[in-house]
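Asker: The structure that follows is given in the form of structure tokens.
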Amino acid sequence: YKGFALACFVWFYAANELTYRTHVSIPLYVENPPSGLSGDKLTVANKTPNNVKVLVSGRGRDILRINQETFLLRVNALPAVPRNNLKVRLLTENVVRNTDLAIVIEEISEPKEIEVVVDRLIEVSVPVIPLLRVSTAESYTQVGSTSVIPDTVRVSGPAKQVRKITSITTDSLTQTDVRKDITRELKLLPPLVARLQTNIASVTVHVDVQELAEYDIPNVPVRIINSGDRSIVSEPSRVTVRVRGGADVIGKLNPESDINLFVDYLSEDVANGEAVLLMAGAEANYEIKRITPKTVSLVNR
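Position one of the sequence shown corresponds to residue 1 (my numbering), numbered consecutively onward.
Below is the structure:
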């Protein structure tokens, strides 16, 4: 047994001292070109291979120590003008060594050349679209729209690709039977094009959820619009409005300023001398369920 173990050791040592030739994969890095002739920043606009296969030779023990950090094939000196379908030959002299191992890079095996597209580097701001699906519990409601902080993101990359980006979406979030506010950090979904980058990786979304309530608010004033210089008032001049929405919101409504009821003097009903149906301005945070009375008459002051 001892003799066998010694023989294996001698064989392993001898094998590691022999010279071998083999293929290994090393990282490929394509540098962005220098600034263009017009002063514009330039960038590589297409997807290039992450690795290349090279033929190396060296002692067995050195070859076994090769990893992804040992060598790097760096491509630079690209043209300082936007250009499509540029063929770049991969050369052994562009291999960067990060090791003292006695390894020889004999040739670039695959691919031997790559195609590079050069374009202007630009940056734009686009809105963030949250992918939320929120359903509240019974007797609860979402107040207002979902808030996103920040609500815009800067996207940079090749000009032709950046111009096609109109928005960036977040990771999806589904919440059911919600009874309280939601505040979450959501990652931004990266653009499908690999050469595009965003200045931030995530945003904070907030959903205001409140218990649902329904109140009568008395003494809401009625305004007359489009009456010109005429001194016109409604009869009655104040009405009662039943509102429905989040308890915190409607509990703080000021009848003088927060509820917008009006009569359009130029409407067809006014022209016919009929009782005029009251109209309400669009309200984002609550719903007007009923106005009492729902019609008024117009009289000269």
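From the three backbone atoms N, C-alpha and C, an ideal C-beta is built for every residue, glycine too.
Since we're looking at a predicted model, the values are computed, not measured.
From 26, 233, 296 and 137, pick the residue whose C-alpha is nearest to that of residue 98; which is it?
Answerer: Nearest of 26, 233, 296 and 137 to residue 98, Cα basis: 26.
Asker: Which residues in the same chain have their Cβ closer than 8 Å to the Cβ of residue 29, if we skip the five residues on either side of it in sequence?
Answerer: 72, 73, 74 and 75.
Asker: Please report the distance separating the alpha-carbon of residue 111 from that of residue 48.
Answerer: Cα to Cα, the separation comes out at about 11 Å.
Asker: Helix, strand or coil: which one does DSSP assign to residue 166?
Answerer: Note: residue 166 maps to coil in three-state DSSP.
Asker: Any contact between the segment 117-128 and the segment 90-108? By contact I mean 3 or more CB pairs, one from each, below 8 Å.
Answerer: Touching, no, given that fewer than three Cβ pairs across the two stretches are closer than 8 Å.
Asker: Should residue 64 be labelled buried (16 or more other beta-carbon atoms within 10 Å of its own) or exposed?
Answerer: The residue in question, residue 64, is exposed, as its Cβ has fewer than 16 Cβ neighbours within 10 Å.
Asker: Taking the C-alpha atoms as reference points, what is the distance between residue 286 and residue 250?
Answerer: Using only the alpha carbons, I get a separation of about 7 Å.
Asker: Are three or more beta carbon pairs between the segment 213-223 and the segment 165-185 nearer than 8 Å?
Answerer: Contact between the segment 213-223 and the segment 165-185 is absent, because fewer than three Cβ pairs lie under 8 Å.
Asker: By the 10 Å Cβ neighbour count, where 16 or more other Cβ atoms means buried, how is residue 81 classified, buried or exposed?
Answerer: Exposed is the call here.
Asker: Can you list, in chain order, the residues of its chain whose CB lies under 8 Å from that of residue 167, leaving out five sequence neighbours each side?
Answerer: Closer than 8 Å at Cβ, skipping near neighbours: 126, 127, 128 and 129.
Asker: Does DSSP put residue 160 in a helix, a strand or coil?
Answerer: Helix.
Asker: First and last residue of the alpha helix (DSSP H) that includes residue 81?
Answerer: Segment: none, residue 81 is in no alpha helix (DSSP H) and carries neither H nor E.
Asker: Is DSSP giving residue 219 helix, strand or coil here?
Answerer: Residue state, collapsed to three classes: strand.
Asker: What first and last residue would you give for the beta strand (DSSP E) that runs through residue 350?
Answerer: Because the chain in this structure spans residues 1 to 301, residue 350 falls outside the shown range and cannot be described.
Asker: Could you give the distance in angstroms between the alpha-carbon of residue 196 and the alpha-carbon of residue 50?
Answerer: Residue 196 and residue 50: Cα-Cα distance of roughly 16 Å.
Asker: List the whole-angstrom C-beta distance separating residue 108 from residue 92, where the pair is believed to meet the contact cut-off of C-beta under 8 Å.
Answerer: About 6 Å separates the two Cβ atoms, so the contact holds.
Asker: Would residue 45 be called buried (16 or more neighbouring beta carbons within 10 Å of its own) or exposed?
Answerer: Looking at its Cβ environment, which holds 16 or more other Cβ atoms inside 10 Å, residue 45 is buried.
Asker: Specify the secondary structure class of residue 136 as computed by DSSP and reduced to three states.
Answerer: Strand, per DSSP.
Asker: Return the first residue and the last residue of the alpha helix (DSSP H) that residue 63 is part of.
Answerer: Unbroken alpha helix (DSSP H) run through residue 63: 60-63.
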